[in-house]
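Counting along the sequence shown from 1, when you hit position 68 you're at 68 in our numbering, and nothing is skipped either side.
Each residue gets a CB set at the ideal place from its N, CA and C atoms; glycine is no exception.
Note that the structure is a prediction, hence the values are computed from the model and not measured.
Heads up: the structure comes next, in structure tokens.
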Amino acid sequence: MVQRLDLPIRLAARRIPFWWCAATSNALHSPPDDGCQTAAVHINHFKRVLDLYNKAPDMVLFVVGDNCASNCAIPTKLGLPLLGCASHHLNSAVQAYRSSYEPELDQVNTLMVQLRHANNSAELAKFTGLRPIKRNVTRWLPTREMAGRYLRIRGDIRNEEAVEDFVLFASLIES
Numbered sequence: 001m002v003q004r005l006d007l008p009i010r011l012a013a014r015r016i017p018f019w020w021c022a023a024t025s026n027a028l029h030s031p032p033d034d035g036c037q038t039a040a041v042h043i044n045h046f047k048r049v050l051d052l053y054n055k056a057p058d059m060v061l062f063v064v065g066d067n068c069a070s071n072c073a074i075p076t077k078l079g080l081p082l083l084g085c086a087s088h089h090l091n092s093a094v095q096a097y098r099s100s101y102e103p104e105l106d107q108v109n110t111l112m113v114q115l116r117h118a119n120n121s122a123e124l125a126k127f128t129g130l131r132p133i134k135r136n137v138t139r140w141l142p143t144r145e146m147a148g149r150y151l152r153i154r155g156d157i158r159n160e161e162a163v164e165d166f167v168l169f170a171s172l173i174e175s
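As structure tokens, this is what we get:
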């Protein structure tokens, strides 16, 4: 039985995405199980996986991954180009775009953190069934979800006296 692992490296063989695999047999096992994350270990594992599927290493066109040391070393040692991960590129672009909105996003996040405290959350629940969402600064989607949730509950937040010091100024709320 072979299952897909969500490791940061995806290889393409003949333009078909090729994912690292783990199997219950001794023929194939995940490098993290060995406790070693070096490029050499990943390359050996990669070659075993290709062999298992009767694929040749020269069928691989490129390596997709982020720029951590082992992910940079693997394609270099294999003589393949490293393509940046599309998710990382998108995340970087969104972060660059939203950088001008950081003061407002920080204020909304501070408010959402305060609204998640037990007493404030219980009070807010009297006005809405929606819970506040705080952001994860390393990803753009939680920031988007936080801003969207804020827009949906901002009228109910005004009923919460305990957090009025954290409520944004009217000019920021309406913009």
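Among residues of its own chain, excluding the 5 on either side of ASP98, which ones have a beta-carbon nearer than 8 Å to its beta-carbon? The sequence shown places Arg at residue 98, not Asp. Closer than 8 Å at Cβ, skipping near neighbours: LEU105, TRP140, THR143.
Euclidean distance between Cα positions of LEU111 and THR128: Take the alpha-carbon of LEU111 and the one of THR128: they are about 16 Å apart.
Given GLU145, which residues of its chain have a CB within under 7 Å of its CB, disregarding the five upstream and five downstream residues? Taken in chain order, the residues that qualify are ILE133.
Less than 8 Å between the beta carbons of LEU90 and PHE62, yes or no? no
Grouping DSSP H, G and I as helix and E and B as strand, with all else coil, what is LEU82? In the three-state scheme derived from DSSP, where H, G and I count as helix and E and B as strand, LEU82 is classed as strand.
To the nearest angstrom, how far is the alpha carbon of CYS72 from that of VAL108? 37 Å
Go ahead and label VAL49 buried or exposed: buried means 16 or more other beta carbons lie within 10 angstroms of its beta carbon, across all protein chains shown. buried
DSSP three-state call for GLY129: helix, strand or coil? coil
From ASN120, ALA122, THR138, LEU115, residue whose alpha carbon lies closest to that of TRP150: It is worth fixing the name first, because residue 150 is Tyr in this sequence and not Trp. It is LEU115.
Looking at the unbroken alpha helix (DSSP H) that takes in VAL137, where does it start and where does it end? Segment: none, VAL137 is in no alpha helix (DSSP H) and carries neither H nor E.
Determine the closest residue to ARG158 out of ARG135, GLY148, GLU123, with distance taken between C-alpha atoms. GLU123
Run through the DSSP bridge pairs and tell me what GLY65 is partnered with. GLY84
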